[in-house]
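Contents: one structure, followed by commentary.
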Amino acid sequence: MIIYLISYCIFWVLSIIFVLTIHPQHMIETLFLVQAIGNLSFFGFVNFTGHVIKRKQVAKSIGWVSNGFQIEVGFVSLGIGICGLIGYWFNDRFWVATLIPVTTFLLGATFNHIKEMIIEKNFNPGNVLIILPDILIPLTLWLLFFFK
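In full-length UniProt numbering, the protein residues as written are 1 to 148.
Structure representation (structure tokens):
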């Protein structure tokens, strides 16, 4: 799950490179687009792959038993990835409509992972390491969206 934190940092570096080399006059908008397209696409497609194709390994890394709900989570993630991928061609209303379910999904997952740590003493890497990117991604996207 640390892959999401690493990708978050990589997309910040790419964002800054894009701003400095291609679109310095549209700094915040460029930061937002690279972050949104990069993070949402990457998160969505990797999460889909994990929860659908490698669901037993992912469940084990979280400390859970693999079940059918993972496939549902995987397909929700696929939808998020597709929205991230095609978002460049749409306006702000599209991004709001995308960011609301992304935020509720990721912050809801954060709440659940923290609850698992407190109640079930579940400190498996897949349960703990996902918390920071689950908070950072929506927080970053909303801040950049409002300031662009």
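Don't be surprised by glycine CBs; every beta carbon is placed ideally from N, CA and C.
In chain order, what residues of the same chain have a beta carbon less than 6 Å from the beta carbon of residue 111, not counting five sequence neighbours either side?
none
Helix or strand or just coil, what does DSSP make of residue 90?
coil
State the DSSP-derived secondary structure class of residue 117, mapped to helix, strand or coil.
helix
Going by alpha carbons, who is nearest to residue 102 out of 140, 91 and 57?
140
Just to check my reading of the structure: residue 43 and residue 137 have Cβ atoms closer than 8 Å, yes? What is that Cβ distance to the nearest angstrom?
Contact flag correct, Cβ pair sits at about 7 Å.
Could you tell me the distance, in whole angstroms, from the CA atom of residue 61 to the CA atom of residue 18?
Whole-angstrom Cα-Cα distance: 35 Å.
If you drop the 5 nearest sequence neighbours on each side, which residues of the same chain put their C-beta closer than 6 Å to that of residue 77?
44, 47 and 48
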